[in-house]
Amino acid sequence: MGPATLLRRVKPAPFEYHSPESVEEACELLSSLDDAKVLAGGQSLIPLLNFRLARPAHLIDINRVGALDRIYERDGGVAIQALARQAAVEDSDLVARVCPLLSDAVRLVAHRVIRNRGTVCGSIAHADPASEIPAVLLALGGSVVARSARGVRTIAADDLFSGVFETSLAPDELLVEAWFPAIRGKHAIVEESRRHGDFALAGAVRADDRLVLFGVASTPVLADPADPVKGLDPSGDLEATPAFRLHLVRVLTDKAFAA
Amino acid sequence: MKVNGVEHPAPHDARRLLSDHLRHDLGLTGTHVGCEHGVCGCCTVLLDGAPVRSCLMLAVQAEGHDVTTIEGLARDGEPLHRVQQAFHENHALQCGFCTPGFVMSVTGLLARNPHPNALEIEEGISGNLCRCTGYASIRRAVEQLAR
Chain D
787 MGPATLLRRV KPAPFEYHSP ESVEEACELL SSLDDAKVLA GGQSLIPLLN FRLARPAHLI
847 DINRVGALDR IYERDGGVAI QALARQAAVE DSDLVARVCP LLSDAVRLVA HRVIRNRGTV
907 CGSIAHADPA SEIPAVLLAL GGSVVARSAR GVRTIAADDL FSGVFETSLA PDELLVEAWF
967 PAIRGKHAIV EESRRHGDFA LAGAVRADDR LVLFGVASTP VLADPADPVK GLDPSGDLEA
1027 TPAFRLHLVR VLTDKAFAA
Chain S
1496 MKVNGVEHPA PHDARRLLSD HLRHDLGLTG THVGCEHGVC GCCTVLLDGA PVRSCLMLAV
1556 QAEGHDVTTI EGLARDGEPL HRVQQAFHEN HALQCGFCTP GFVMSVTGLL ARNPHPNALE
1616 IEEGISGNLC RCTGYASIRR AVEQLAR
C-alpha cells in the first residue's frame, strides 16, 4: 500500500460528524437529521462502523456534552447519566452501597480498557441480547429517561427492550439517564463465556425472587426460577448449541439461587 | 490533541480512527493495529492517563485530550521505562507485535493499582492477546513490577 493510500485510509463508511455541546443541541440534531446514530463510548458502535455493518448518514458524538457523566442517588436508587463510563460505575462507592448488583455486573462487561470508554447507558441503548446491563435493569425493574426536542419521558425496563439491538426509544430520542432501584435482598449475576471478558453464551441475574436470563433470546427475558427454560428457544452457533444453552440456563439459575 | 506531550493539529477526516491517525498522520508506528475491533488490545494507548483502544475511537474525539503512546514512555536515547525494562528482564515478548499494547495496559493498571495481586494482574492483562503464547513471562514481568 503506497503512502498516498495510507493518507486516505479510513475504515467507516462516509458519515457527517456532529459534536453537540448540550443535550438540547443533541436533541435538536436528532430531530432534524435523518439516519443519525448517537456515539457515546463507542465500544460497540465503532466496531460496527469499522466493519461497515452500521452505515449511519450522521454521527452525533455526545462526548463533548457537559455535565452528563454524573452518578447520583435518586428515588431510592442510583441514576447513571449517559456519559458515565462503566469504569466509573465499577469504582463508585455509591453504586456499591446502593446497587451492588450493578457493581458486580459491570465487572463482567468486557475488559477494564473497554470499560474506560464504554458507558452504562450505551450498553442499554445498544441492547445486545447477550449484554449484562440490560438484564440487570430488567431484573431490578429500573427505567431510563429519554429526552427529545418534544420533551422528556421515562421508559420502564419492561417496555424498553423490543428485539435484537432494538429498543422502544424513538429515532429522535436520546437516552440521558438510567435508573437502577436499590437492592438490599439476595442478588447475583452469573454467566458462562468461552473466554474471560467475552460475551456470555448464557447468563442469569437474580434480584430477590426475580430471575432474568440473557444471551438466550432476542432480548433479556423474565423467567420462572422454578422452571427457567419454560418457553425458551435459544439459537445455536459455533460456540453453543441450543440444547447446551438450555443446560447452562438450568445450571446458572441454580447457582444464582444457591446463595 | 497532545500526543506524548507535543501539540498536534486536528485530524482532517472525522472518519479517521485514532489508531490510523497516530500511525499514518503522525508516524507513530509503535501503536500496532491487529483486529481493528477492540479484541486484541495491540492498539492500546493512554487517554488522559487511562488505557483505551485507539481503534475504537475516532481521532477527532481525542481533540483537547492527552494521548500517550509507547513512544512517549521512553524517548530515544533514554533508559527504558520501568514496564519496558521488566518485560525485557523477564523475556515477556517474543515476536513483539502485541508488546506495545501490553506495556500500555500494564502502565495503566499500575497507575491505578501499584501493587496488584495475582488475580488483579490476570484481570489487568486479560484484554490483551499474545499469539506467541507468552503469558507466563508477561505475568512474571508484571509480578516483578507489583512488588
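One line per chain: the protein sequences are D and S, in this order. Just so you know, we're using this note's numbering here: the first sequence kicks off at 787 and counts up by one. Just so you know, we're using this note's numbering here: the second sequence kicks off at 1496 and counts up by one. Glycine included, C-beta positions come from ideal geometry on N, C-alpha and C.
Proximal chain S residues relative to residue i, where beta-carbon distance stays under 7 Å
i                 : result
Asp847 of chain D : Gln1556
Tyr803 of chain D : Ala1509 and Val1555
Gly983 of chain D : Ser1621 and Gly1622
Beta-carbon proximity check, residue i vs residue j, cutoff 8 Å
i                  : j                  : result
Leu999 of chain D  : Glu1025 of chain D : no
Ala1641 of chain S : Phe1582 of chain S : no
Leu1034 of chain D : Leu1018 of chain D : no
Ala1554 of chain S : Pro1506 of chain S : yes
Val895 of chain D  : Arg903 of chain D  : no
Gln1579 of chain S : Val1562 of chain S : no
Asp945 of chain D  : Ser934 of chain D  : no
Thr905 of chain D  : Ala868 of chain D  : yes
Val950 of chain D  : Ser917 of chain D  : no
Gly1622 of chain S : His844 of chain D  : no
Arg1510 of chain S : Pro800 of chain D  : yes
Val899 of chain D  : Pro1546 of chain S : yes
Leu1588 of chain S : Gly1629 of chain S : yes
Leu961 of chain D  : Ala932 of chain D  : yes
Leu823 of chain D  : Ala840 of chain D  : One point to set straight first is that residue 823 of chain D is Lys, not Leu, in the sequence displayed. It is a contact, given that the beta carbons lie within the stated cut-off.
Arg850 of chain D  : Ala870 of chain D  : no
Val976 of chain D  : Ala990 of chain D  : yes
Nearest candidate by alpha-carbon position, reference residue i, set the options
i                  : options                                       : result
Cys907 of chain D  : D:Arg893, D:Asp890, D:Thr1027 and D:Leu825    : D:Leu825
Ala993 of chain D  : D:Asp984, D:Pro967 and D:Ala1012              : D:Pro967
Ile919 of chain D  : D:Ala891, D:Ala942 and D:Val931               : D:Ala891
Cys885 of chain D  : D:Ser917, D:Ala925 and D:Lys823               : D:Ala925
Asn1499 of chain S : S:Gly1567, S:Gln1639, S:Ser1514 and S:Glu1558 : S:Gly1567
Glu802 of chain D  : D:Gln829, D:Leu819, D:Thr1039 and D:Ser808    : D:Leu819
Phe1043 of chain D : D:Gly937, D:Glu978 and D:Arg996               : D:Arg996
Thr1594 of chain S : S:Leu1542, S:Thr1524 and S:Ala1613            : S:Thr1524
Gly1529 of chain S : S:Gly1522, S:Gly1603, S:Glu1618 and S:Phe1592 : S:Phe1592
Leu1624 of chain S : S:Ala1557, S:Gly1536 and S:Ile1616            : S:Gly1536
Arg981 of chain D  : S:Ser1549, S:Glu1617 and S:Ser1632            : S:Glu1617
Asp958 of chain D  : D:Arg794, D:Glu814 and D:Lys797               : D:Glu814
Gly1559 of chain S : S:Glu1502, S:Gly1619 and S:Gln1639            : S:Glu1502
Ser1514 of chain S : D:Lys1041, D:Arg795, D:Leu887 and D:Ser805    : D:Arg795
Ala1012 of chain D : D:Ile969, D:Ser1021, D:Pro915 and D:Arg1036   : D:Arg1036
Ile910 of chain D  : D:Asn836, D:Gly827, D:Pro833 and D:Asp821     : D:Gly827
Ile832 of chain D  : S:Leu1551, S:Ala1557, S:Leu1542 and S:Val1534 : S:Leu1551
Ala853 of chain D  : D:Leu835, D:Ser830 and D:Pro806               : D:Pro806
Cys1590 of chain S : S:Ala1631, S:Ala1557 and S:Cys1627            : S:Cys1627
Glu963 of chain D  : D:Phe837, D:Pro1028 and D:Gly863              : D:Gly863
Where the beta strand (DSSP E) through residue i begins and ends
i                  : result
Arg933 of chain D  : Ser929 to Ser934
Gly937 of chain D  : Gly937 to Ala942
Ile975 of chain D  : His973 to Glu978
Glu807 of chain D  : Neither: Glu807 of chain D is in no beta strand (DSSP E) and is coded neither H nor E.
Leu1018 of chain D : Leu1018 of chain D -> no beta strand (DSSP E), and no H or E assigned at all.
Delimiting residues of the alpha helix (DSSP H) encompassing residue i
i                  : result
Leu987 of chain D  : No alpha helix (DSSP H) contains Leu987 of chain D, which DSSP labels as neither H nor E.
Asp890 of chain D  : Pro886 to Val892
Thr1039 of chain D : Pro1028 to Ala1044
Thr1602 of chain S : Thr1594 to Arg1607
Phe1582 of chain S : Arg1577 to Glu1584
Ala911 of chain D  : Val906 to His912
Ser948 of chain D  : Run containing Ser948 of chain D: none in the alpha helix (DSSP H); it sits in the beta strand (DSSP E), Phe947 to Gly949.
Leu1614 of chain S : Ala1613 to Ile1620
Ile832 of chain D  : Leu831 to Asn836
Residue i Cβ short of 7 Å to the ligand ADP heavy atom set
i                 : result
Arg856 of chain D : The ligand content of the structure shown is nil, which means the ligand ADP is not present either.
Contacts of residue i in chain S (Cβ-Cβ under 9 Å)
i                 : result
Pro800 of chain D : Arg1510
Contacts of residue i in chain D (Cβ-Cβ under 7 Å)
i                  : result
Gly1533 of chain S : Gln829, Pro833 and Ile900
Closer than 8 Å at the beta carbon, the chain S residues around residue i
i                 : result
Val796 of chain D : Asp1508, Arg1510, Arg1511, Leu1512 and Asp1515
Phe837 of chain D : His1532
Where residue i meets chain D, residues with beta-carbon distance less than 8 Å
i                  : result
Met1552 of chain S : Gly828, Ile832 and Arg903
Quiz item: Using a beta-carbon distance cut-off of less than 8 Å, what residues from the region 1536 to 1550 of chain S approach chain D?
Solution: Per Cβ criterion, the list reads Gly1536, Thr1539, Leu1542, Ala1545, Pro1546, Val1547, Arg1548 and Cys1550.
Quiz item: Along the region 894 to 926 of chain D, what residues have a CB closer than 8 Å to any CB found in chain S?
Solution: Going along the region 894 to 926 of chain D in chain order, one finds Ala896, His897, Arg898, Val899, Ile900, Asn902 and Arg903 with a Cβ nearer than 8 Å to chain S.
Quiz item: What residues in the region 1599 to 1610 of chain S have a beta carbon less than 8 Å from any beta carbon of chain D?
Solution: From the region 1599 to 1610 of chain S, only Ser1600, Gly1603 and Leu1604 have a Cβ closer than 8 Å to chain D.
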